[in-house]
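Data block below; observations after.
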Amino acid sequence: MAHHNSDKEVELSMKLASQCDLGILSGQFLCQTLETLDPQEPLICKDTDSISHVLSFLQDNSIGSVLIVDSQGKLSGIFTERDFLTKIFNCDFDLESTPVSEVMTASPESQFLSGTIAFALNLMAHGGFRHIPIVDQENYPIGIISVKDVVNYIVREMNRALDLD
């Protein structure tokens, strides 16, 4: 479910970000939209797919999360390596017949491309998760960002800044 930034949340995020002097992590960076991070196209499975299918999909694509959609193609959940470790590992599930909808994180926090990096990082920190689905106005997944994407962007920008000196 997309977390729609209230005016107060946006104002607070912008105020905090613009008052911080963090060099590369300046308010200017933190106030940029998620589009700046060039989110990856999401890899998607259906909520009716078996746990076994989704685990194979994760392994075959060397990824740590997959977005789960309902029969209309709208975001209904996310399944991550953490879900596997906390909900499936050492449990008695029939991986071939149990649908991923029974173990996924349902209605995950999501954002629009217009959301800020500061707000997304705040959501991840307070929510204890590392991935945020990016959805359009109708809740169709269009991307995903992770903490790793933010770190990679910061490193690229630092390297670019060093090359300019």
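All residue numbers for the sequence shown refer to our numbering, where the first residue is -1 and numbers rise by one. Just so it is clear, CB atoms sit at the ideal spot from N, CA and C, and this is done for glycine as well.
Return the residue from the list the options that minimises the CA-CA distance to residue i.
i	options	result
V145	S54, Q26, S63, V133	S63
P211	L32, Q26, F27	Any question about residue 211 goes unanswered here, given that the chain covers just -1 to 163.
L56	L41, S69, V67	L41
Within the same chain, show all residues whose beta-carbon is closer than 6 Å to that of residue i, passing over the 5 residues directly before and after it, in chain order.
i	result
Y151	L35
Which residues mark the beginning and the end of the beta strand (DSSP E) in which residue i is found?
i	result
F77	73 to 78
G141	139 to 144
How many Å lie between residue i and residue j at the Cα?
i	j	result
F110	C29	14 Å
S95	D161	54 Å
F77	L83	11 Å
G113	N157	25 Å
D47	L93	10 Å
N137	V52	21 Å
Determine the DSSP secondary structure at residue i, reduced to helix, strand or coil.
i	result
T46	coil
L93	coil
Q57	helix
S99	helix
L41	coil
For residue i, which residues of its own chain have a beta-carbon under 7 Å away from its beta-carbon, when the five flanking residues on both sides are left out?
i	result
D81	V101, M102, T103
E107	H1, L121, G125, I130
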